[in-house]
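With this note's numbering, the residue at position 3 of the sequence shown is 46, and numbering never jumps.
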Amino acid sequence: MIVRNSRTGAVLAERVERASTMLARLRGLLGRRALPEGEALLIEPCASIHTFFMRFAIDAAFLSRELRVLRAIPDLGPWRATRLHRGAAMALELPRGTLARTGTREGDALELES
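Given below as structure tokens:
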């Protein structure tokens, strides 16, 4: 699955893993050494994330059901937690620097392509 920014046309990730079960959401990116460029984790439902026990920073975007970016958080370091984002249906975890590289910002609409 591919995630693309509708406004800029930029591809945020070419390989998206979905975490929609309780176990998959709890596991998230734990135990990984890195999130490679071009990969992402889409967590649903999700309105808050943490990076406890992680070894690397990530970018995160909280999305509405319509895939609108409600909150964009660049460079979320290890051992951090976000607040609860009202209206968020899912969170997209991306390699650090992806939001800046793609020009993705709050209010942008994203597209998921199979």
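Positions of the beta carbon are idealized from the N, C-alpha and C atoms, including for glycine.
(message) If you follow the beta strand (DSSP E) that residue 58 is in, where does it begin and where does it stop?
(response) 58-62
(request) Kindly indicate which three-state DSSP category residue 155 falls into: helix, strand or coil? (result) strand
(message) Check whether the stretch 105-118 and the stretch 67-79 touch, using three or more Cβ-Cβ pairs below 8 angstroms as the test.
(response) As far as the Cβ criterion goes, the stretch 105-118 does not touch the stretch 67-79, which means the pair count is below three.
(message) Please report the distance separating the alpha-carbon of residue 96 from that of residue 109.
(response) Computed Cα separation, rounded: 31 angstroms.
(request) Please classify residue 153: is it buried, with 16 or more other beta-carbons within 10 angstroms of its beta-carbon, or exposed? (result) buried
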